[in-house]
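Here my numbering is used: the first residue of the sequence shown is 1, the next is one more, and so on. For glycine and all other residues, C-beta sits at the position ideal for the given N, C-alpha and C. This one's a predicted model, so the numbers in the text were calculated from it and none came from an experiment.
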Amino acid sequence: MEDQSANQYSERSPQRIEESGPPERDARKFEIASADALAELYDLLRDYAPPWYTERHHQKAENVLRMLGRL
């Protein structure tokens with residue numbers, strides 16, 4: 001039963017592919033959503049500073065956000 005439900009979500013019907021648009025547009029949506037998520041997580045981690053969140057983590061996220069034009 002699990003295999004059937006997993007396949008249901010991993011396979012895309014031809015109709016679904018047409019509705020989603022060209023791959024370039026999907027890639028751009030993914031990039032924007034990823035940048036938004038990273039920016040939100042960056043702000044949360046900066047504000048709450050859990051003990052495991054090191055300066056190295058902070059710099060890494062900051063560098064990526066700068067490259068994306070978010071900082």
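| query | result |
| --- | --- |
| Integer Cβ distance of A33 from R70, believed to fall under 8 angstroms | So it is not a contact: roughly 13 angstroms between Cβ atoms. |
| Y53: first and last residue of the uninterrupted alpha helix (DSSP H) it sits in | Run containing Y53: none; DSSP gives neither H nor E here. |
| H58 beta carbon less than 8 angstroms from that of R46 | yes |
| Assumed close pair L65, A39 - CB separation to whole angstroms, cut-off 8 angstroms | 6 angstroms |
| Three-state class that DSSP yields for L45 in the structure shown | helix |
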